[in-house]
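A.B. asks: So that we are looking at the same thing, I have put the structure below in structure tokens.
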Amino acid sequence: MMNVWFDGNEISKVSLVHSQVDYGRVVPSDFFATYPSFCFELVEDELVLKSDADDLKDAAIAARAALKLANELVEAKVIKIAAIDAKTKADILALVGTDVNQRNDLAAYLAAVVAADEDSDDIANFGTKWAAVATLRSQGNAKEVSANAAADIATLDAI
């Protein structure tokens, strides 16, 4: 059994020592739910509520809330980066086509290069497409860096 000493209506200390005298004051089952264990200190074999217990409890609640927000932000970042990757991949595929299209474009480009036909549209188109691919990749990477650096979900959503 634990004994509780009151200072007015507030609990001032709790005794872990089993007393021979029953004062009829038993710690309620939700006592440590009100003040977490780190809000107490042991002084001369008695558990005493620290003077800054309310501040410690409030700081712990704030820390839990901040941790929850940080976890939500990390999850949102993972989802956002995956969406950016998927969009970049879709944009590149829309630009250059499937692997078959890419092989055909490369074959036409190489045929024009071998024929030394500098006026060929195949050379210009091939160069333009792959320059655009490099731009799309660069833009996607920049968006990923921005998403990773976002400090909150609102900023992340704006990317």
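Going letter by letter, the sequence shown gives residues 6 to 164 in the working numbering.
Every residue, glycine too, gets a C-beta built ideally from N, C-alpha and C.
Everything numeric in this text was worked out from a predicted model, so none of it was measured.
Out of Leu78, Ala38, Asp110, Phe37, point me to the one whose CA is closest to Ile158's CA.
C.D. replies: Leu78
A.B. asks: Please confirm if the stretch 132 to 149 is in contact with the stretch 74 to 90, defined as three or more CB-CB distances below 8 Å between the two stretches.
C.D. replies: Touching, per the Cβ criterion.
A.B. asks: Taking the CB atoms as reference points, tell me whether Lys73 and Tyr40 lie closer together than 8 Å.
C.D. replies: no
A.B. asks: What separation, rounded to the nearest whole angstrom, lies between the Cα atoms of Ala112 and Val138?
C.D. replies: 18 Å
A.B. asks: Do the stretch 45 to 63 and the stretch 121 to 137 make contact, defined as three or more Cβ pairs closer than 8 Å?
C.D. replies: When C-beta atoms of the stretch 45 to 63 are compared with those of the stretch 121 to 137, fewer than three pairs fall below 8 Å, so the two segments do not count as touching.
A.B. asks: Taking the straight line between their C-alpha atoms, what separation do you get for Ala156 and Asp104?
C.D. replies: As the crow flies, the alpha-carbon of Ala156 is around 39 Å from that of Asp104.
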